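Residue numbers (our numbering), protein chains in the order written: chain A, 1 to 158; chain B, 1 to 125. Read through the structure below, which is laid out as structure tokens, and then see the notes.
See below:
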């Protein structure tokens, strides 16, 4: 059963671009092809922000934003309007808020599904992996010229 | 001008504070949820010019907070701008029915928030 519809992916991707554009004046670009496996960024500490969109009958999409810490710090600096020099609670809180806003915007685009949002969580480390029962998952390589590369991951399960 | 800023997200409070500061508003009292906001109102003798309030908060939600404010004579007329995500459209309608002065939807541009605040300040003048 295909759980992760193309519509879900497109709406979440659009919401990510709109959030970065609206709140940070950053442009989001695609690079490379959409993948179905998690990959890591060599040699960098990574930060992973995760939020769930809960639908009916235990259906849930997990939205995962993953980037090197250096990229996350640059994005959060733009978000907060202040220069952040290192990974701290400001960065972690901001990454939670960013995925929360993206998921909220995406849920509104898919209002017929009545998605509810879970609390966002942030994980640190370069070997974070994800799984979902009967899952379908994609990772979309993205590029923000002012900040660097990141990946948007989506997994779904019932 | 004195403002009560209520949001459980420290990040959103920082972003909103930056907008307020850029408008020359520096007398800002912060609260992390509705319960704390009501406490701050009482502690400050309800002496605020307006309030920015998130809808989705733990303890006491923005809607409950707004209803409490509107039912308290000392602050029933306090202008309140609700801050919400686009996924909470129904709650926005509820907030308007409950007496919200205006609302701003996340994601928002700093300019959008500034315009909403200016509209409230204009009403006040």
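Heads up, the beta-carbon is just placed ideally off N, CA and C, and yes, glycines get one too. Computed from a predicted structure; not experimentally measured.
The alpha helix (DSSP H) enclosing residue 20(B), as first and last residue numbers: Segment 10–22, the alpha helix (DSSP H) holding residue 20(B).
At least three beta-carbon pairs within less than 8 Å, the stretch 134–154 of chain A to the stretch 49–63 of chain A: The count of Cβ pairs closer than 8 Å, one atom from the stretch 134–154 of chain A and one from the stretch 49–63 of chain A, reaches three, so the stretches are in contact.
DSSP beta-bridge partners of residue 148(A): In the DSSP assignment, residue 148(A) is bridged to 144(A).
Min CB distance residue 70(B) to chain A below 8 Å: Taking CB atoms only, residue 70(B) has no neighbour in chain A less than 8 Å away.
Coarse secondary structure for residue 8(A), derived from DSSP in three states: The three-state reading of DSSP puts residue 8(A) in helix, counting H, G and I together.
Coarse secondary structure for residue 50(A), derived from DSSP in three states: If DSSP states are grouped into helix, strand and coil, residue 50(A) belongs with the strands.
Spatial neighbours of residue 77(A) in its chain, beta-carbon cut-off 6 Å, leaving aside the 5 residues before and after: Within the same chain, and ignoring the five residues on either side of residue 77(A) in sequence, the residues whose Cβ sits closer than 6 Å to its Cβ are 83, 84.
Short CB-CB distance (under 8 Å) between residue 140(B) and chain A: Summary: the structure shown does not reach residue 140(B), with chain B confined to residues 1 through 125, and so no result is reported for it.
Per-residue contacts from residue 155(A) into chain B (C-beta, under 7 Å): For residue 155(A), none of the residues of chain B pass the 7 Å Cβ criterion, the least Cβ distance being about 20 Å.
As assigned by DSSP and simplified to three states, the class of residue 22(A): Collapsing the DSSP output to three states places residue 22(A) in a helix.
Inter-stretch contact at 8 Å, needing at least 3 Cβ pairs: the stretch 94–101 of chain A / the stretch 21–38 of chain B: Not touching, per the Cβ criterion.
Own chain, CB closer than 8 Å to residue 96(B), minus 5 neighbours either side, in chain order: Hits under 8 Å: 103.
Exposure of residue 124(A), with buried meaning 16 or more beta-carbon neighbours within 10 Å: Exposed, because fewer than 16 other Cβ atoms sit within 10 Å of the Cβ of residue 124(A).
Outcome for residue 49(A) when other beta-carbon atoms lying within 10 angstroms are tallied against a minimum of 16: Answer is buried; the Cβ neighbour count reaches 16.
Identified DSSP bridge partners for residue 117(A): In the DSSP assignment, residue 117(A) forms a beta bridge with 53(A).
Residues near residue 122(A) in its chain [Cβ-Cβ closer than 8 Å; skip 5 each side]: Residues 47, 48, 49, 50, 92, 95, 96 of the same chain have their beta carbon placed closer than 8 Å to that of residue 122(A), with the five preceding and five following residues left out of the count.
Residue 4(A) beta carbon less than 8 Å from that of residue 138(A): Yes, the pair counts as a contact, with Cβ atoms nearer than the cut-off.
Residue-level contact to chain B via CB, residue 93(A), 8 Å cutoff: Chain B, which has a Cβ nearer than 8 Å to the Cβ of residue 93(A), makes this yes.
For residue 56(A) and residue 112(B), the rounded distance between their alpha carbons: A straight-line Cα-Cα distance of about 34 Å links residue 112(B) and residue 56(A).
Residues near residue 32(A) in its chain [Cβ-Cβ closer than 6 Å; skip 5 each side]: The residues are 141.
Three-state secondary structure (DSSP) of residue 78(A): The three-state reading of DSSP puts residue 78(A) in helix, counting H, G and I together.
Nonlocal neighbours in the same chain, by C-beta distance under 6 Å from residue 52(A), ignoring five residues either side: Contacts found: 60, 62, 118.
Residues near residue 1(B) by beta carbon distance below 7 Å, same chain, minus five either side: So the list reads 25, 27, 49, once near-sequence residues are dropped.
Where the stretch 96–118 of chain B meets chain A: residues whose CB sits under 7 Å from a CB there: Cβ contacts with chain A come from 106, 107, 108, 109.
C-beta neighbour in chain A for residue 85(B), strict 8 Å: Yes, because at least one Cβ of chain A sits closer than 8 Å to the Cβ of residue 85(B).
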